[in-house]
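Presented below is the structure to which this report refers.
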Amino acid sequence: MVMMKRDYELIAEAIRDVGLFYHVGRDYPHLGAELVLRSVAMELARELAANNPRFDRQRFMAACEVAA
């Protein structure tokens with residue numbers, strides 16, 4: 003399956019939305035949620051990069067709004 007830019011954006015948006023729910027990156031974050039979201043985003047970035055050599059991990063992590 004070939005993924006397109008919009009697919010990557012959709013994944014990052016979903017991670018970001020969950021992070022907003024748990025206040026990840028905000029004043030009083032749920033630290034467990036922050037660690038889990040960061041781990042999920044990093045693992046997805048690793049897999050997506052393996053399937054697309056042009057995939058930009060840092061841009062993806064920034065779009066997810068979780069620190070790498």
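Position one of the sequence shown corresponds to residue 3 (our numbering), numbered consecutively onward. For each residue, glycine too, the CB sits at the ideal point set by N, CA and C.
Check	Outcome
N- and C-terminal bounds of the alpha helix (DSSP H) containing Asp19	Lys7 to Phe23
Arg18 classed as buried or exposed, judged by whether at least 16 other C-beta atoms fall within 10 angstroms	buried
Nearest-angstrom Cβ-Cβ length linking Phe57 and Ala14, presumed shorter than 8 Å	Contact flag wrong, Cβ pair sits at about 12 Å.
Contact set for Leu39: own chain, Cβ-Cβ below 7 Å, skip 5 residues either direction	Ile17, Val20, Gly21, Val26 and Val68
Span of the alpha helix (DSSP H), counted from its first residue to its last, around Arg56	Per DSSP, Arg56 belongs to no alpha helix (DSSP H) and is neither H nor E.
Separation of Tyr10 from Met3, as counted between CA atoms	13 Å
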